[in-house]
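Residue numbers (my numbering): 25 to 317.
This report refers to the structure that appears directly beneath it.
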Amino acid sequence: MVKEVFKNYGDFYEEFDSNVEKFPQLRAYPKRYRELCDCDYLFLSFPKSGRTWVRYFLARYIEAAFETMFSLEFTPHRSWDKRRAIIRTPTINFSHNFFDFFQDYPVTPFIMDQQICWTKNLIFLVRDPLSTLVSFYNQKVSREQVVKASLEDFILSKQYGIERHSKLVLAFFNLFNKSTAPKMLIQYEHLTASPQRFMDLVKFLFGDVNLKAFEGAIENSKFNAMQRFELSVDAFSLTNGRMGSTKESPDRSMLKVREGKVKNYPEVLSKDFIENVLKLPYTSRLISIIESL
C-alpha cells in the first residue's frame, strides 16, 4: 500500500519528478495537460459512469453528420484521415481527472488543474454511486484483472471503494457549480430512461442538430448495437484499443459494454449491506445531490 502523499496540492506539482517514480501513470500527465489546455470542451466523469456510451454516440453522430470516418478520438489524432483532420468539430477532452492517474493508489482525491478546468466549456456526467462501483468492480476483476477481492470488500475498500469515489465526485460537483463557463450536467440514469436527452448534448456541442444523423447515432449506440460492435473483429483497431479485444472470441465479461443496466445492485448485494453503504457520509451526501437533479 502506498502511504498518503500530497499534504497540499502544491506538493504534487513541486515534487512532480519524484512523484513520477512513485506513480508511473504520471508519465502521461504532460500530454494530458496539453490536451486539456488545447480542448474546446472538458468532459468530466468518474470511471464506469457511461462515458464510453456518450463517446460512442458522439462518434457515430459526427461520422454521419459530417460524412467522415468513425473515431472515438475527439482531439487531433494520428489515426484520423485527411477528411477527419480538416472538418471543424469541437475538440473534447474526455477526462477522469485525478482517477486517470491515481485510481490504483490509495491517495486522497483532489481536482487536478482546477484553474484550467474552470475556464473550459464543461460537460459533467454522473451516475448512481453504487451502480458505478459494481461496474467498476467488474472492470477491475475481469477486464483489467488487478483485483481479487469480493464485491463487498471492494466497495468498502480505501483504495477503490465507494467513499473515495463519492469524495471525488463531490469535488467534481463543486468544480461544476463554481464554473462560470458554459456547462452541462448529464445523469446516466436520465439518458437510459430517455436517449432523446442526447439531443441536448448535440445542441450544446454543435448548436443545431442534423436529425438524420442524430437518429442514426441513437440506433447505433443502443446497448445491443454497441455490444455487437465491440464483439466484432475490428473493434479494437477501429477504436485504438478503447473498445473490443485482441482475442478472436472475447469473453463478454471483459467488454467495456457489459450489461447496460440501471441500479441492478440488489441482484448482487444483500439488502442490509446496501442500506449500510448508503448511510456512509460521503456516499449519502452524493446520493442526496443526485436524487435532487
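Quick reminder that beta carbons are idealized off the backbone N, C-alpha and C, glycines included.
> Can you give the Cα-Cα distance for V150 and D62, rounded to whole angstroms?
Replying inline: Residue mapping note: residue 150 aligns to position 126 of the sequence shown, counting from 1. Residue mapping note: residue 62 aligns to position 38 of the sequence shown, counting from 1. In this model, V150 and D62 are separated by some 24 Å (Cα to Cα).
> In terms of residue numbering, what span does the alpha helix (DSSP H) encompassing N300 cover?
Replying inline: Position 276 of the sequence shown, counted from the first residue, corresponds to residue 300. N300 -> alpha helix (DSSP H) spans K295 to V301.
>> Do I86 and T113 count as a contact pair if the criterion is CB distance below 8 Å?
In response: Your numbering for residue 113 matches position 89 in the sequence shown. Your numbering for residue 86 matches position 62 in the sequence shown. Result yes, Cβ atoms of T113 and I86 sit closer than 8 Å.
>> I need the straight-line Cα distance from V165 to L293, nearest angstrom please.
In response: By 1-based counting over the sequence shown, the position of residue 165 is 141. By 1-based counting over the sequence shown, the position of residue 293 is 269. Each residue's alpha carbon lies about 17 Å from the other.
> How about P71 and L310: are their beta carbons less than 8 Å apart?
Replying inline: What you label residue 71 is simply residue 47 of the sequence shown in a count that begins at 1. What you label residue 310 is simply residue 286 of the sequence shown in a count that begins at 1. No.
> If you draw a straight line from the alpha carbon of G240 to that of T132, how long is it in whole angstroms?
Replying inline: Residue mapping note: residue 240 aligns to position 216 of the sequence shown, counting from 1. Residue mapping note: residue 132 aligns to position 108 of the sequence shown, counting from 1. When rounded, the distance between both Cα atoms is 42 Å.
> If you run the structure through DSSP and keep just helix, strand and coil, what is K182?
Replying inline: On the sequence shown, residue 182 is found 158 positions in, with the first residue counted as 1. K182: coil per DSSP, three-state reduction.
> Along the chain, which unbroken stretches of the beta strand (DSSP E) at least 3 residues long are found entirely within the stretch 185-227?
Replying inline: 207-211
> L66: which of A173, P130, N121 and K182 sits nearest, CA to CA?
Replying inline: Taking the first residue of the sequence shown as position 1, residue 66 is located at position 42. The option with the nearest alpha carbon to L66 is N121.
> Which same chain residues, not among the five before or five after P219, have their C-beta less than 7 Å away from its C-beta?
Replying inline: Here residue 219 is taken as the residue at index 195 of the sequence shown, counted from 1. Only I242 meet the Cβ criterion.
>> Let me confirm a value: H189 is counted as buried when at least 16 other C-beta atoms fall within 10 Å, else exposed. Which label applies?
In response: Reading the sequence shown from its first residue, position 165 is the one you call residue 189. Buried, because 16 or more other Cβ atoms sit within 10 Å of the Cβ of H189.
>> Nearest by alpha-carbon distance to L68: which of K46, A109 and I116 is it?
In response: Within the sequence shown, residue 68 is the residue found at index 44, counting from 1. L68 has its Cα closest to that of I116, out of K46, A109 and I116.
> In chain order, which continuous runs of the alpha helix (DSSP H) of length 4 or greater are located wholly inside the stretch 145-180?
Replying inline: 153-162 and 175-180
> What does DSSP give as the partner residues of L255 in its beta bridges?
Replying inline: By one-based count along the sequence shown, residue 255 stands at place 231. Answer is none; L255 lacks a bridge partner.
> Residue range of the beta strand (DSSP E) that I116 falls in?
Replying inline: Locating residue 116 in the sequence shown gives position 92, counting from the first residue. Taken as a continuous stretch (DSSP letters only), the beta strand (DSSP E) holding I116 covers I116 to S119.
>> Following a CB-centred definition, is D128 positioned closer than 7 Å to any heavy atom of the ligand GTP?
In response: The model depicted lacks the ligand GTP and carries no ligand whatsoever.
> The alpha helix (DSSP H) with F94 in it runs from where to where?
Replying inline: Locating residue 94 in the sequence shown gives position 70, where the first residue counts as 1. F94 -> no alpha helix (DSSP H), and no H or E assigned at all.
> Counting Cβ pairs, one atom from each stretch, are 3 or more of them under 8 Å apart for the stretch 133-147 and the stretch 189-209?
Replying inline: Using a Cβ-Cβ distance cut-off of 8 Å, the stretch 133-147 and the stretch 189-209 are in contact, since at least three pairs of beta carbons, one from each stretch, lie closer than that value.
> How many Å lie between Q49 and N43 at the Cα?
Replying inline: The residue given as residue 49 occupies position 25 in the sequence shown. The residue given as residue 43 occupies position 19 in the sequence shown. The straight-line gap from Cα to Cα measures roughly 10 Å.
>> Any contact between the stretch 262-269 and the stretch 95-110? By contact I mean 3 or more CB pairs, one from each, below 8 Å.
In response: yes
> Which word fits R84, buried or exposed, when buried means at least 16 other C-beta atoms lie within 10 angstroms of its C-beta?
Replying inline: Counting from 1 along the sequence shown, the entry for residue 84 is found at position 60. So R84 counts as buried.
>> If you follow the beta strand (DSSP E) that L68 is in, where does it begin and where does it stop?
In response: Along the sequence shown, read from residue 1 onward, the residue named residue 68 stands at position 44. Segment Y65 to S69, the beta strand (DSSP E) holding L68.
> So E254 packs on V281, CB below 8 Å; how close in whole Å?
Replying inline: The residue labelled residue 254 in the question sits at position 230 within the sequence shown. The residue labelled residue 281 in the question sits at position 257 within the sequence shown. The pair is a contact, with the Cβ atoms about 5 Å apart (cut-off 8 Å).
> For I314 versus Q211, is the C-beta spacing smaller than 8 Å?
Replying inline: Start at 1 with the first residue of the sequence shown, and residue 314 comes out as number 290. Start at 1 with the first residue of the sequence shown, and residue 211 comes out as number 187. Cβ distance < 8 Å, so I314 and Q211 count as in contact.
> By DSSP, does L235 sit in helix, in strand, or in coil?
Replying inline: Your numbering for residue 235 matches position 211 in the sequence shown. Correct three-state label for L235: helix.
>> Are the CB atoms of L304 and E176 within a distance shorter than 8 Å?
In response: Within the sequence shown, numbered from 1, the residue matching residue 176 stands at position 152. Within the sequence shown, numbered from 1, the residue matching residue 304 stands at position 280. No.
> Quick one: is K27 buried, meaning 16 or more other Cβ sit within 10 Å of its Cβ, or exposed?
Replying inline: Taking the sequence shown and counting its residues from 1, one reaches residue 27 at position 3. Unreliable positioning characterises K27 in this predicted model, as indicated by a pLDDT of 42, which lies under 50. A coordinate reading is not provided.
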